Amino acid sequence: MEGLEVLLRNPAGREQTRGLAVVVITLTVLYWSYAYLLPSLRLSKIPKAGKDPGFLASLFGIGLAEAKRDFKKNGLRILNEAYLKNKGSMFRVQTLNEERVVLSPSYIEEINKNVPEGVLNVTDGLSERLMGPFTNLDVVFNSDMHIEVCRSPLTQNLPKLIAPLREEAEYWLERRIPGDDAESELNVHELIVRVISGTATRMLSGPEASRDPEWLETAALYSYDVVVVAQTLRHFHPLLRPFIAPFLDSKKKLDKHLGVAKKTFRGLFIQRMEQQDRGWDFAAGEKPADMVQWMVEAAKGSDRDLDVLAMNMLFMTLAGVHTSANTTMHALFDLCAHPQFAQPLRDEIQEVTDQDGWTMAAMSRLKKLDSFIKESQRLNQTVLMTFNRKLAKSVEFADGTVLPRGTCITMPSVAVSRDPTYFENPDEFDGFRFYDKRSATASKSEANRQSFAAIGPDNLAFGFGKTACPGRFFAGTQIKVVLASIILRYDVSFPKGQTKRPENIYKGGLIQPDPRQKIVFKRRVE
Ligand code: HEM
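Numbering (the numbering used here), first residue to last: 289 to 814.
See below:
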């Protein structure tokens with residue numbers, strides 16, 4: 289301090305200080321121009337959809353709140369209109385989080401060919417959107433273990449999971465739908481979230497956790513609480529967030545969920561790690577086919593920490609419970625709205641399970657059911673945009689557009705799913721659309737392209753590329769087992785007087801089936 293005072297009293301010192309200040313200001317302006325101004329200028333050539341917060345938004349945040357409010361309310365319309373207007377090209381949109389450049393699927397080929405995978409960063413954007421440092425999810429994103437365990441062992445072990453999934457689905461349907469032959473009018477959201485949490489947990493670790501009410505509550509609520517923490521913190525300046533987060537009720541709920549996850553799985557993880565240290569002494573055919581086992585086998589370095597493993601189990605519920613539950617609910621709404629599909633579906637399920645039992649072979653033969661679920665998903669996805677990536681390097685496309693490093697890109701999966709270029713009568717629900725396409729082709733690869741878990745420029749519901757949803761094969765199998773169990777045993781319909789499915793709820797980029805909807809379940813007499 290004393291030194292500074294002497295410096296300021298001395299004219300030469302004042303001169304030096306002024307010079308220093310000029311240098312600092314010049315460097316700051318240069319840095320700002322490089323980091324914000326130049327990228328913003330480059331992006332400003334790309335048309336903007338929705339309310340444009342203007343150039344000053346990147347500097348002072350002026351106009352940003354209004355643009356975000358516009359997207360929250362009108363996101364679906366903004367994306368659909370802009371997609372049609374800029375077909376084959378790209379546009380910018382301000383989402384609730386960041387500004388994204390929305391690419392047409394026509395860029396997929398070029399991206400696959402010319403953009404190295406490392407340039408398309410998934411994790412940074414995901415961590416920013418889910419406030420990874422405060423929701424603790426960064427410990428999951430630190431490695432690719434959560435992706436690898438879904439991509440390889442989960443998908444490879446699907447044949448071993450069919451019987452447990454079926455048993456679990458039956459267990460929860462029996463418990464939740466009254467057993468007499470009277471009609472039961474039930475809230476579908478409550479029913480399906482419980483059935484999907486139960487079947488998903490059966491895959492995670494087995495029947496102890498899948499019947500444990502405390503864990504099942506965590507499995508059902510965890511993703512909501514993550515979203516609430518992320519949405520709340522988003523309103524605060526990044527520097528303030530570490531001071532606000534510990535006081536949020538929803539953050540306390542996340543800590544409680546982590547406590548439940550540790551209590552539920554810790555013992556099992558320790559037991560399996562000890563077995564691993566002894567050199568896996570399972571008798572032939574006895575090795576458990578569950579997520580605990582796959583994670584213990586995959587975990588290296590800091591992933592072997594019991595708290596990190598518990599966070600990974602929570603992440604599995606975040607990725608897989610509400611996505612699959614919503615898809616199942618949508619399919620049930622469509623079955624009630626289009627009852628003509630019920631008998632052909634039931635006949636197919638009866639025939640293949642009579643012949644092959646509840647096996648993987650049977651599940652692969654359920655082609656009508658597969659088509660019905662895919663068509664329902666086509667018209668009712670879980671999010672408006674997928675393939676969310678942050679560019680780790682700038683990318684130049686063949687049309688001359690340059691997207692600078694740090695740009696968030698995405699694809700308008702919902703708008704694409706209603707594009708007449710890809711789908712005849714795109715707004716019409718045709719439950720056997722994909723079954724018919726499959727039957728019409730002799731090519732096996734073309735037939736596979738029509739299956740529920742297939743991805744492509746015309747089907748972005750599971751994202752695209754190397755990091756497309758690695759849990760989609762499990763999701764498809766689980767949803768088939770649950771729906772087949774329902775269709776075989778019950779007639780389903782909307783409450784008296786209702787013929788149309790309820791409108792979906794759109795909030796920002798999220799899409800939700802109406803959680804208030806009830807469905808009448810009537811046990812079938814064999
Ligand atoms: C119908 C149900 C589901 C839908 C619609 C869905 C959708 C998605 C989407 C859109 C992505 C991002 C992919 C991209 O941008 O390219 C994703 C990623 C992922 N999903 Fe799914 N998913 C579903 C079920 C599941 C299930 C059941 C699991 C696990 C058991 C799972 C695990 C994952 C994982 C691990 C990621 C990668 C996350 C990351 O990159 O860090 N998903 N999913």
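Backbone N, C-alpha and C define an ideal beta-carbon position, used for all residues, glycine too.
Computed from a predicted structure; not experimentally measured.
field: CA-to-CA distance, Thr605 to Gly785, given in whole angstroms
entry: As a working mapping, residue 785 is identified with position 497 in the sequence shown. As a working mapping, residue 605 is identified with position 317 in the sequence shown. If you take the alpha carbons of Gly785 and Thr605, they lie about 36 Å apart.
message: Closer than 6 Å to a non-hydrogen atom of ligand 1 - does that hold for the CB of Ile661?
response: In the sequence shown, the residue the question calls residue 661 occupies position 373. It does not: the Cβ of Ile661 is nowhere closer than 6 Å to a heavy atom of ligand 1.
message: I want to check one thing, is the minimum distance from the CB of Phe752 to the heavy atoms of ligand 1 below 6 Å?
response: Residue mapping note: residue 752 aligns to position 464 of the sequence shown, counting from 1. Indeed, a heavy atom of ligand 1 lies less than 6 Å from the Cβ.
Cβ neighbour criterion (16 or more within 10 Å) applied to Ile350: Position 62 of the sequence shown, counting from 1, holds the residue named residue 350. With fewer than 16 other Cβ atoms within 10 Å, it is exposed.
message: Is Val410 near ligand 1 - that is, is its Cβ less than 6 Å away from at least one heavy atom of it?
response: The sequence position of residue 410 within the sequence shown is 122, counting from 1. Within the cutoff, so yes.
task: Using DSSP bridges, identify the partner residues of Ser781.
output: Along the sequence shown, one-based indexing puts residue 781 at 493. Partner(s): Val808.
field: Identity of the residue in Pro501, Phe429 and Pro692 nearest Ser590 by Cα
entry: Residue numbering aside, residue 590 sits at position 302 when the sequence shown is read from its first letter. That would be Phe429, whose Cα lies nearest to the Cα of Ser590.
message: Here's a check: name, in chain order, each residue in its chain whose Cβ is nearer than 6 Å to the Cβ of Val702, leaving out the five neighbours to either side.
response: In the sequence shown, the residue the question calls residue 702 occupies position 414. Within the same chain, Val702 has close Cβ partners Gln669 and Leu672.
- request: Please state whether DSSP places Phe717 in a helix, a strand or coil.
  value: Locating residue 717 in the sequence shown gives position 429, where the first residue counts as 1. Residue state for Phe717 is assigned as coil, using DSSP reduced to three classes.
message: For Arg812 and Ala470, what's the separation of their Cα atoms in angstroms?
response: Start at 1 with the first residue of the sequence shown, and residue 812 comes out as number 524. Start at 1 with the first residue of the sequence shown, and residue 470 comes out as number 182. For Arg812 and Ala470, the distance between alpha carbons rounds to 10 Å.
message: Whole angstroms are fine: how far does the CA of Thr305 sit from the CA of Met289?
response: Start at 1 with the first residue of the sequence shown, and residue 289 comes out as number 1. Start at 1 with the first residue of the sequence shown, and residue 305 comes out as number 17. Its pLDDT being 46, under 50, Met289 is placed unreliably by the model, and the measurement read from it follows with that caveat. Approximately 14 Å, taken between the alpha carbons.
- prompt: Are there 16 or more other CB atoms within 10 angstroms of the CB of Phe752, so buried, or fewer, so exposed?
  reply: Within the sequence shown, the letter at position 464 stands for residue 752. Under this definition Phe752 is a buried residue.
query: Relative to the alpha-carbon of Phe557, which residue among Leu504, Val514, Phe535 and Leu492 has its alpha-carbon at the smallest distance?
result: Taking the sequence shown and counting its residues from 1, one reaches residue 557 at position 269. Per the Cα distances, Leu492.
Three-state class that DSSP yields for Thr698 in the structure shown: As a position in the sequence shown, residue 698 is number 410, starting the count at 1. Strand.
message: What residue range does the alpha helix (DSSP H) around Gln638 cover?
response: One-based indexing of the sequence shown puts residue 638 at position 350. From DSSP, the alpha helix (DSSP H) with Gln638 extends over Ala630 to Asp644.
message: What would DSSP say about Thr611, mapped onto helix, strand or coil?
response: The sequence position of residue 611 within the sequence shown is 323, counting from 1. The answer is helix: DSSP assigns Thr611 an H, G or I state.
message: Let me check one thing: in DSSP terms, what residues is Phe553 bridge-paired to?
response: For the purposes of this step, residue 553 is identified with residue 265 of the sequence shown, where counting begins at 1. For Phe553, which the question treats as bridged, DSSP gives no partner whatsoever.
Which residues DSSP lists as bridging Ser472, in chain order: Numbered from 1 along the sequence shown, position 184 holds the residue referred to as residue 472. According to DSSP, which records beta bridges pairwise, Ser472 is partnered with Phe809.
field: Beta bridge counterpart(s) of Tyr794 as assigned by DSSP
entry: The residue you call residue 794 lines up with position 506 of the sequence shown. DSSP output for Tyr794 lists Ile799 as bridge partner(s).
Residues sharing a beta bridge with Phe379, DSSP: Position 91 of the sequence shown, counting from 1, holds the residue named residue 379. DSSP output for Phe379 lists Val390 as bridge partner(s).
- prompt: Which two residues bound the contiguous beta strand (DSSP E) that contains Thr818?
  reply: Nothing about residue 818 can be read from this structure; the chain reaches only from 289 to 814.
- prompt: Between Ile807 and Ala613, is the Cβ-Cβ spacing less than 7 Å?
  reply: What you label residue 807 is simply residue 519 of the sequence shown in a count that begins at 1. What you label residue 613 is simply residue 325 of the sequence shown in a count that begins at 1. No, Cβ-Cβ distance for Ile807 and Ala613 is not below 7 Å.
message: Spatial neighbours of Ser705 within its chain, please: C-beta separation below 6 Å, excluding the five flanking residues on both sides.
response: The residue labelled residue 705 in the question sits at position 417 within the sequence shown. Result list for Ser705: Arg666, in chain order.
message: Assuming Lys656 and Glu636 are in contact, meaning their beta carbons sit under 8 Å apart, how far apart are those beta carbons, in whole angstroms?
response: Mapped onto the sequence shown, residue 656 falls at position 368. Mapped onto the sequence shown, residue 636 falls at position 348. So it is a contact: roughly 5 Å between Cβ atoms.
message: Alpha carbons only, please: which of Glu387, Glu386, Met378 and Asp412 is nearest the one belonging to Ile396?
response: Looking up residue 396 in the sequence shown gives position 108. Of the listed residues, the one whose Cα sits closest to Ile396 is Met378.
CA-to-CA distance, Asp537 to Gln631, given in whole angstroms: Position 343 of the sequence shown, counting from 1, holds the residue named residue 631. Position 249 of the sequence shown, counting from 1, holds the residue named residue 537. Answer to the nearest angstrom: the Cα atoms are 48 Å apart.
field: Identity of the residues DSSP links to Val690 by a beta bridge
entry: Position 402 of the sequence shown, counted from the first residue, corresponds to residue 690. Val690 pairs with Glu684.
- prompt: Can you pull the DSSP bridge partners for Val671?
  reply: Within the sequence shown, residue 671 is the residue found at index 383, counting from 1. Partner(s): Leu798.
task: For my contact list, Gly608 and Ala488 are in at a C-beta cut-off of 8 Å; report their separation, rounded to the angstrom.
output: Residue 608 sits at position 320 when you count from the first residue of the sequence shown. Residue 488 sits at position 200 when you count from the first residue of the sequence shown. Their Cβ separation, rounded to whole angstroms, is 5 Å, which keeps Gly608 and Ala488 in contact under 8 Å.
- request: Using the Cα positions of Val584 and Ala577, report the straight-line distance between them to the nearest angstrom.
  value: To locate residue 584, count along the sequence shown from 1; it is residue 296. To locate residue 577, count along the sequence shown from 1; it is residue 289. So the alpha carbons of these two residues sit roughly 12 Å apart.
message: Tell me the rounded alpha-carbon separation between Pro388 and Ile334.
response: Along the sequence shown, read from residue 1 onward, the residue named residue 388 stands at position 100. Along the sequence shown, read from residue 1 onward, the residue named residue 334 stands at position 46. Note that residue 388 is Arg in the sequence shown, not Pro. Their Cα atoms are separated by approximately 11 Å.
- prompt: Relative to ligand 1, is the shortest distance from any of its heavy atoms to the C-beta of Pro441 smaller than 6 Å?
  reply: Looking up residue 441 in the sequence shown gives position 153. False, no ligand heavy atom lies under 6 Å from that Cβ.
- prompt: Would you call the CB atoms of Thr615 and Ile767 closer than 7 Å?
  reply: Start at 1 with the first residue of the sequence shown, and residue 615 comes out as number 327. Start at 1 with the first residue of the sequence shown, and residue 767 comes out as number 479. Yes; because the gap between Cβ atoms is below 7 Å, this pair is in contact.
task: With hydrogens ignored, establish whether the beta-carbon of Gly608 is closer than 6 Å to any heavy atom of ligand 1.
output: Within the sequence shown, numbered from 1, the residue matching residue 608 stands at position 320. At least one heavy atom of ligand 1 is nearer than 6 Å to the Cβ of Gly608, so yes.
task: Figure out for me which residue from Gln643, Leu771 and Gly467 has the closest Cα to the Cα of Arg454.
output: Stepping through the sequence shown from its first residue, residue 454 is reached at position 166. Distance check between Arg454 and each of Gln643, Leu771 and Gly467 places Leu771 closest, using alpha-carbon atoms only.
task: Have a look at Cys696 and Phe809 and give me their C-alpha separation to the nearest angstrom.
output: As a position in the sequence shown, residue 696 is number 408, starting the count at 1. As a position in the sequence shown, residue 809 is number 521, starting the count at 1. Spanning the two alpha carbons is a distance of roughly 45 Å.
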